[in-house]
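All remarks here apply to the structure that follows.
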Amino acid sequence: MSSLAESGPVPAGAGVGAEGPILVVERLVKHFPIKAGILIDRQIGAVRAVDDVSFSVDRGETLGLVGESGCGKSTLARSILQLIAPTSGSVRFEGREVAGLGRRAARELRADMQMVFQDPYASLNPRKRIAQIIGDPMLLHGIVERGEVKAVVQDLLETVGLNPEHYNRFPHEFSGGQRQRIGIARALGLRPKLIIADEPVSALDVSIQAQIINLLEDLQEEYRLTYVFVAHDLSVVRHVADRIAVMYLGKIVEIGPAEAVYDTPIHPYTEALLSAVPIPDPRANAARRQIVLEGDVPSPADPPAGCRFHTRCPRATDVCSTGEPLLIDHGGGHHAACHHPLDRA
Ligand SMILES: Nc1ncnc2c1ncn2[C@@H]1O[C@H](COP(=O)(O)OP(=O)(O)OP(=O)(O)O)[C@@H](O)[C@H]1O
Ligand code: SF4
Ligand SMILES: [Mg+2]
Numbered sequence: 014m015s016s017l018a019e020s021g022p023v024p025a026g027a028g029v030g031a032e033g034p035i036l037v038v039e040r041l042v043k044h045f046p047i048k049a050g051i052l053i054d055r056q057i058g059a060v061r062a063v064d065d066v067s068f069s070v071d072r073g074e075t076l077g078l079v080g081e082s083g084c085g086k087s088t089l090a091r092s093i094l095q096l097i098a099p100t101s102g103s104v105r106f107e108g109r110e111v112a113g114l115g116r117r118a119a120r121e122l123r124a125d126m127q128m129v130f131q132d133p134y135a136s137l138n139p140r141k142r143i144a145q146i147i148g149d150p151m152l153l154h155g156i157v158e159r160g161e162v163k164a165v166v167q168d169l170l171e172t173v174g175l176n177p178e179h180y181n182r183f184p185h186e187f188s189g190g191q192r193q194r195i196g197i198a199r200a201l202g203l204r205p206k207l208i209i210a211d212e213p214v215s216a217l218d219v220s221i222q223a224q225i226i227n228l229l230e231d232l233q234e235e236y237r238l239t240y241v242f243v244a245h246d247l248s249v250v251r252h253v254a255d256r257i258a259v260m261y262l263g264k265i266v267e268i269g270p271a272e273a274v275y276d277t278p279i280h281p282y283t284e285a286l287l288s289a290v291p292i293p294d295p296r297a298n299a300a301r302r303q304i305v306l307e308g309d310v311p312s313p314a315d316p317p318a319g320c321r322f323h324t325r326c327p328r329a330t331d332v333c334s335t336g337e338p339l340l341i342d343h344g345g346g347h348h349a350a351c352h353h354p355l356d357r358a
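Per the numbering used here, residue 14 is the first one in the sequence shown, and the count goes up by one each step.
Next up, the structure:
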């Protein structure tokens with residue numbers, strides 16, 4: 014039995030791996046206060062970016078986290094890594110509570126959990142050479158000695174498919190795809206167990222996207238990494254994710270094995286997202302029902318009552334605007350929060 018069993022129950026949306034979860038997120042909340050006032054700041058509301066989110070990730074698996082822009086994916090990622098302090102809730106990594114750790118313990122843990130960022134231009138310090146960008150965090154964490162850092166950086170560059178001789182160059186001398194490889198090498202240098210990749214290919218050309226995804230997959234196998242792979246588009250995570258979690262306005266509305274979520278979605282929002290994903294077979298594509306969601310995503314500062322999706326949902330009835338649907342198990346680890354789940358037959 015995993016040690017996690019002693020530290021608390023595993024939430025809905027649990028993985029199905031034999032070794033049990035490496036990451037358990039329970040009832041995580043992140044509200045950004047909205048303030049007003051000239052002399053004295055008064056809080057007049059809150060952006061409810063992440064609102065009561067629970068899920069777990071098994072060792073070695075890839076959880077795809079998808080949803081439209083602004084639904085809270087990056088805030089969730091940053092709250093898990095404690096890059097921003099969650100408002101409430103629990104994050105356990107290898108059975109250990111992460112929220113509220115002291116600075117030193119948090120730093121150690123941050124080496125185990127690394128993030129790869131969306132924008133390979135903004136995420137690398139333009140004034141630092143590649144050797145420093147990759148080597149400095151390793152020195153800071155005591156992973157390498159100063160005398161060996163060059164050789165280790167060169168090894169890492171080779172691992173991510175870059176020329177090791179380029180260790181002394183600056184970020185502007187690389188293309189977007191190459192910069193993302195540098196970001197991956199920086200994360201990998203700390204020998205992490207979990208990588209949260211926040212839209213790692215969204216800023217790249219389509220031809221380059223596949224190369225970076227292949228690299229991440231190869232590294233996962235080689236280093237037994239666990240991934241949370243964030244994307245706003247289901248087609249990107251289709252091939253990499255073992256399980257998919259779909260977010261809408263700060264909540265997980267559906268989570269389950271990737272195939273089940275793709276082939277037999279339960280939540281109308283997931284169905285709408287999927288209808289926008291092209292299928293390779295043109296006939297199947299033409300036959301498929303396109304669902305165009307009406308209206309904009311409501312503001313997370315004032316989310317709709319009941320089901321947050323009811324203002325745009327084609328299946329909504331009265332109960333949807335009053336009662337919040339719970340994330341319930343529909344079998345096989347496939348959970349969804351909807352009063353009128355789709356017919357999966
Ligand atoms: N520091 C902050 N202060 C106030 N509000 C914030 C802050 N960071 C994010 N938000 C708000 O929280 C909500 C969720 O934002 P977040 O960046 O997590 O979404 P996302 O799903 O990652 O979107 P995208 O796909 O565009 O990256 C948005 O309404 C955003 O404006
Ligand atoms: S609960 Fe109602 S509004 Fe929400 S997704 Fe289901 S049918 Fe639509
Ligand atoms: Mg984001």
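Note that the Cβ used here is the ideal one computed from N, Cα and C, for glycine as well.
Given residue i as reference, the closest of the options once Cα atoms are compared
i: threonine 100; options: Gly319, Val290, Leu217, Phe45; result: Phe45
i: arginine 237; options: Gly77, Asp65, Ile208; result: Ile208
i: glycine 196; options: Pro278, Gly102, Glu212, Pro133; result: Pro133
i: alanine 135; options: Arg91, His185, Glu107, Ala118; result: His185
i: aspartate 270; options: Ser334, His348, Ala210; result: Note on identity: in this sequence residue 270 is proline, with aspartate being the wrong assignment. That would be His348, whose Cα lies nearest to the Cα of proline 270.
i: valine 157; options: Glu235, Arg204, Leu247, Ala118; result: Arg204
i: valine 6; options: Ala62, Asp231, Leu122; result: Only positions 14 to 358 of the chain appear in this structure, which leaves residue 6 out of reach.
i: phenylalanine 217; options: Val241, Phe242, Ser188; result: Per the sequence shown, the amino acid found at residue 217 is leucine instead of phenylalanine. If we check each option's Cα against that of leucine 217, Ser188 comes out closest.
i: histidine 245; options: Phe68, Ile51, Glu81, Asp65; result: Glu81
i: valine 259; options: Val253, Ile279, His252; result: Ile279
i: valine 266; options: Glu212, Val253, Thr283, Pro327; result: Thr283
i: leucine 247; options: Asn227, Tyr240, Tyr275, Thr239; result: Tyr275
i: valine 253; options: Gln224, Leu76, Ile51; result: Leu76
i: glutamine 224; options: Cys351, His179, Arg192, Val243; result: Arg192
i: isoleucine 268; options: Pro139, Asp342, Asp64; result: Asp342
i: arginine 328; options: Gly319, Pro313, His353; result: His353
i: proline 150; options: Ala200, Ser215, Gln303, Glu107; result: Ala200
i: aspartate 125; options: Pro338, Gly319, Asp315, Gln95; result: Gln95
i: valine 290; options: Pro177, Val79, Tyr261; result: Val79
i: proline 317; options: Gly33, Val60, Ile221, Ile53; result: Val60
i: aspartate 64; options: Arg72, Val38, Ala285; result: Val38
i: alanine 98; options: Gly108, Gly83, Gly115, Arg140; result: Gly115
i: alanine 198; options: Ser215, Asn176, Ala112; result: Asn176
i: arginine 321; options: Ala62, Gly33, Met128; result: Ala62
i: threonine 277; options: Asp356, Ser87, Gly102, Leu137; result: Asp356
i: glycine 345; options: Asp294, Glu272, Pro295; result: Glu272
i: leucine 339; options: Glu110, Cys351, Cys84; result: Cys351
i: alanine 90; options: Glu121, Gly108, Met128; result: Met128
i: leucine 286; options: Val305, Arg296, Asp294, Pro295; result: Val305
Any non-hydrogen atom of ligand 3 closer than 8 Å to residue i Cβ
i: glutamine 56; result: no
i: valine 259; result: no
i: glutamate 161; result: no
i: serine 188; result: no
i: glutamine 193; result: no
Opposing strand residues paired with residue i [DSSP bridges]
i: phenylalanine 242; result: Gly77, Ala210
i: glutamate 161; result: In the DSSP output, where bridge partners are listed per residue, glutamate 161 has none listed.
i: tyrosine 261; result: Lys264
i: phenylalanine 45; result: Val60
i: leucine 36; result: Val70, Phe106
i: isoleucine 341; result: Ala349
i: arginine 55; result: Ala49
i: arginine 116; result: BP columns for arginine 116 are empty, so no partner.
i: glutamine 127; result: Ile208
i: arginine 256; result: Leu76, Pro270
Near ligand 2: residue i beta-carbon under 8 Å from a heavy atom
i: cysteine 360; result: Residue 360 cannot be examined here, being either before or after the span of the chain that is shown, 14 to 358.
i: phenylalanine 322; result: yes
i: proline 281; result: yes
i: cysteine 351; result: yes
CB contact check: residue i to chain C, cutoff 9 Å
i: glycine 73; result: Of the protein chains in this structure there is only one, and it is not chain C.
Any non-hydrogen atom of ligand 1 closer than 8 Å to residue i Cβ
i: glutamate 212; result: yes
i: threonine 88; result: yes
i: isoleucine 209; result: no
i: glycine 269; result: no
i: isoleucine 265; result: no
i: cysteine 84; result: yes
i: glutamine 95; result: no
i: proline 34; result: no
Whole-number beta carbon distance between residue j and residue i, since they are thought to touch under 8 Å
i: leucine 36; j: valine 70; result: 4 Å
i: isoleucine 57; j: lysine 43; result: That belief does not hold up - the Cβ atoms of isoleucine 57 and lysine 43 are roughly 18 Å apart, past 8 Å.
i: leucine 152; j: arginine 142; result: The pair is not a contact, with the Cβ atoms about 14 Å apart (cut-off 8 Å).
i: aspartate 211; j: phenylalanine 130; result: 6 Å
i: proline 281; j: cysteine 333; result: Not a contact, Cβ separation roughly 10 Å.
i: isoleucine 147; j: glycine 190; result: So it is not a contact: roughly 17 Å between Cβ atoms.
i: glycine 308; j: glycine 336; result: Not a contact, Cβ separation roughly 21 Å.
i: proline 313; j: leucine 229; result: That pair is no contact at about 29 Å.
i: leucine 169; j: glycine 202; result: 6 Å
> Can you give, in chain order, each stretch of the beta strand (DSSP E) that sits fully within the segment 186-213 and has at least 3 residues?
Replying inline: 207-211
>> Suppose only complete runs of 3+ residues qualify. What are the beta strand (DSSP E) ranges in the segment 270-299, listed by chain order?
In response: none
> In the segment 61-102, which residue ranges form an unbroken alpha helix (DSSP H) of at least 4 residues, counting only runs that do not cross its ends?
Replying inline: Runs of alpha helix (DSSP H) with 4 or more residues, each lying fully within the segment 61-102, are found at 86-93, listed in chain order.
> What are the complete beta strand (DSSP E) segments, minimum 3 residues, inside the segment 129-163?
Replying inline: Within the segment 129-163, no complete beta strand (DSSP E) run reaches 3 residues.
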